[in-house]
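Each residue of the sequence shown is one higher than the last, beginning at 1136 in our numbering.
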Amino acid sequence: MKTAIIFDCEFLCLEGSQRRFWCAADDPDPVVAQVGAVRLGLGGNFPILDTYKAYIRPIDRFGDQYRLDPFFTALTGITEENIRSEGVSLSDALAGLDRFSDGARFWSWGKDELNMMAISCYVAGIQPPIPAHRFDNAVKLLLAAEMPIEELARTPSNKLADYYGVQHPPLRGHDALDDALSISYTLQHLMKAGDLQPSAFDLEHIGS
């Protein structure tokens, strides 16, 4: 069965970092601290086949580990204890993600790979192990399913399943795996309803 990998990341921030584009003097670099991914089947009943989740030790450009800001912990639920007991290096997390994908294309709500690969790898001083052409924007898939563009603009990944009224287990917003699951449940629902064709995952430039 063909598959797609739906993923999401959580990046370091202080309150207001996004509005400032992480440009305040005390803003951390927006490096990844958690990645979650879902393997979604593109045939049959469009099953969720497997999941992946990793906590990543966030390193600054001098090689020192960042401390998590209380705002970030409140937002994401990620604690210093999570990082201390479960955190792995960025290179190990990305290698694990690549193995999990088994060569399938990655889809995120937007372009999470820019922070996960371009920024985080640059700051860590490592070569990005997954090339850019393997990533794409899941917003294209919702456009193919004719979600109104004004609704797309104001619906974050963690609210997507709720927007479509999809029944699902409880999910925590701003948890990387749960946000990836919210997207996955939505795509699964749309394919089952016939509103999204599995072939959409093969198109290089949906809507271009």
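Ideal Cβ positions, reconstructed from N, Cα and C, are used throughout, including at glycine.
Every value quoted in this text rests on a predicted model; they were computed, and no experiment measured them.
Check: Rounded to a whole number of angstroms, what is the C-alpha to C-alpha distance between G1260 and G1179?
Finding: 42 Å
Next item on the list: Report the three-state DSSP secondary structure of E1145 (helix, strand or coil).
Entry: strand
Margin query: The alpha helix (DSSP H) that contains S1319, what's its start and end?
Written below: 1311–1328
Checklist line | Buried or exposed (CB count within 10 angstroms, at least 16 for buried), S1343 | finding: With a pLDDT of 42 at S1343, under the threshold of 50, the modelled position of this residue cannot be trusted; read the value that follows with caution. S1343 should be labelled exposed.
Next item on the list: Compute the distance between the beta-carbons of G1118 and A1160, then report whether it is under 9 Å.
Entry: The question about residue 1118 has no answer here: the residues shown for the chain are numbered 1136 through 1343.
Notebook entry, point to check: Starting from A1189 and walking both ways along the beta strand (DSSP E), at which residues does that stretch end?
Noted result: 1183–1190
Note to self: Quick check on Q1262: buried or exposed, where buried means 16 or more other Cβ atoms within 10 Å of its Cβ?
What the structure shows: exposed
Notebook entry, point to check: The alpha helix (DSSP H) with V1258 in it runs from where to where?
Noted result: 1255–1259
Note to self: Just to confirm before moving on: does the CB-CB distance between R1196 and Y1187 stay below 9 Å?
What the structure shows: no
Notebook entry, point to check: According to DSSP, is T1214 helix, strand or coil?
Noted result: coil
Check: In whole angstroms, what is the alpha-carbon distance linking E1142 and A1172?
Finding: What sits at residue 1142 in the sequence shown is Phe, not Glu. C-alpha separation (whole angstroms): 4 Å.
Notebook entry, point to check: What does a CB cutoff of less than 8 Å around W1242 pick up in its chain, not counting 5 residues either side in sequence?
Noted result: A1139, I1140, I1141, F1142, F1270, D1271, N1272, A1273, L1276, I1318, F1336
Margin query: Measuring straight from C-alpha to C-alpha, what distance separates A1228 and Y1320?
Written below: 24 Å
Margin query: Do I1191 and R1168 have their beta-carbon atoms positioned less than 9 Å apart in this structure?
Written below: As written in the sequence, residue 1168 is Ala, which differs from the Arg given in the question. Yes.
Margin query: Cutting at 6 Å between CB atoms, please list the residues of its own chain near L1325, excluding the five before and the five after it.
Written below: A1280, L1331
Check: For Y1201, which option in M1251, D1314, D1162, G1212 has the closest C-alpha, if you only look at C-alpha atoms?
Finding: D1162
Margin query: Measuring only the C-alpha atoms, how far is E1285 from L1278?
Written below: 11 Å
Margin query: I'd like to know whether the C-beta atoms of V1166 and L1225 end up nearer to each other than 9 Å.
Written below: yes
Note to self: Given this structure, state the Cα-to-Cα distance separating L1232 from A1189, to the nearest angstrom.
What the structure shows: 9 Å
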